[in-house]
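Novice: Okay, here's the structure, questions in a sec.
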Amino acid sequence: MKKLIIAAFATLALVGCTKQSKENMNQNPQRATVQEVAGRKNFGGSHAVITPLPAIMIATYDENQNPDVMMAAWGGQCGPNHICFNLSPHKTTDNLRLKKAFTVSFADERTVVESDYFGIVSANKVPDKVARAGFTTTPSPNVDAPIINEYPLTLECEVIEITETSLGETRVVGEVINMSAADSILTDGKVDLHKLKPIIFDSSNLNYISLGEDVGKAWGSGKALVE
Numbered sequence: 007m008k009k010l011i012i013a014a015f016a017t018l019a020l021v022g023c024t025k026q027s028k029e030n031m032n033q034n035p036q037r038a039t040v041q042e043v044a045g046r047k048n049f050g051g052s053h054a055v056i057t058p059l060p061a062i063m064i065a066t067y068d069e070n071q072n073p074d075v076m077m078a079a080w081g082g083q084c085g086p087n088h089i090c091f092n093l094s095p096h097k098t099t100d101n102l103r104l105k106k107a108f109t110v111s112f113a114d115e116r117t118v119v120e121s122d123y124f125g126i127v128s129a130n131k132v133p134d135k136v137a138r139a140g141f142t143t144t145p146s147p148n149v150d151a152p153i154i155n156e157y158p159l160t161l162e163c164e165v166i167e168i169t170e171t172s173l174g175e176t177r178v179v180g181e182v183i184n185m186s187a188a189d190s191i192l193t194d195g196k197v198d199l200h201k202l203k204p205i206i207f208d209s210s211n212l213n214y215i216s217l218g219e220d221v222g223k224a225w226g227s228g229k230a231l232v233e
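Numbering of the sequence shown is given in my numbering, commencing with residue 7 and proceeding in unit increments.
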């Protein structure tokens, strides 16, 4: 199971950081002035491009077992069977504190419209946004959170750590209790990212990009440089 979880996250980058405010920058004289790197266009630190950013779909229940799902990009795998992410205040953060559980799925080529909708519409304003998108849910048998049926890969997670950061965000670490995958995205019993067709968030151009083809073998291609 752990090997499957690692494979599912192989293309994700852990990005548990966010930009500091100008006020915080001014309080640190060492960061008040940025030295430019010669021969390159310099952007400063206000809009760092870290890639790839996963388009992860976080699903939770509220106090009435009403399902909610939101898209988040500031997160990824932080251990063999752990995921973490940073969130600003949302309905999701309220639900996470209440239920101490969530599921994670991944936006893909087939669900770009619905997934983006989940990222721009708040359940505080549209409580039935999951149904409005035409999606359905099934209660997880392992944690108190919904499984979004239209996403073929789902991680069922328990919250093991939730903290408020100095940047006013909520940082969540979850332990993967179970991963389930539809037969449609499996090859030889393993998750096949070519069949899943997950998308990543392009923070530079505000686009979604589909993953490309295999270009090398993990723990294999580098052997060409080993003496």
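Every residue gets a Cβ at the ideal spot worked out from N, C-alpha and C, and that includes glycine.
(1) For the putative contact between D68 and N101, defined by C-beta atoms under 8 Å, what is the C-beta separation to the nearest angstrom?
(2) Relative to the C-alpha of N211, which residue among E175, H53, S172 and L159 is closest?
(3) Please name the residue in I183, P152 and K201 whose C-alpha comes closest to that of L217.
(4) Can you name the start and end residues of the alpha helix (DSSP H) that G125 belongs to?
(5) So, does the segment 217-233 touch the segment 125-136, judging by three or more C-beta pairs under 8 Å?
(6) When we look at the beta-carbon of Q71 and count the other beta-carbons within 10 Å, is it buried (16 or more) or exposed?
(7) Closer than 8 Å, CB to CB, is Y214 near chain C or not?
(8) Would E156 and T117 be called neighbours here (beta carbons separated by less than 8 Å)?
(9) So who's on the other strand from Q41, going by DSSP bridges?
(10) With DSSP collapsed to three states, give me the class of S190.
(11) Please list the segments of the alpha helix (DSSP H) lying wholly inside the segment 55-141, counting only runs of 4 or more residues, in order along the chain.
(12) Name the two residues that bound the continuous beta strand (DSSP E) containing L212.
(13) Which partner residues of R177 appear in the DSSP bridge assignment?
(14) Return the first residue and the last residue of the alpha helix (DSSP H) that H53 is part of.
(15) Restricting to Cα atoms, I'd like to know which of K131, A65, L59 and A137 is closest to S146.
Specialist: Walking through what the data contain:
(1) 5 Å
(2) H53
(3) K201
(4) V118 to I126
(5) no
(6) exposed
(7) Among the chains in the structure shown there is no chain C, since it carries only a single protein chain.
(8) yes
(9) None; Q41 has no bridge partner.
(10) helix
(11) 97-105, 118-126 and 135-138
(12) No beta strand (DSSP E) holds L212; DSSP gives it neither H nor E.
(13) N92 and T169
(14) Unbroken run through H53: none, as it is neither H nor E.
(15) A65
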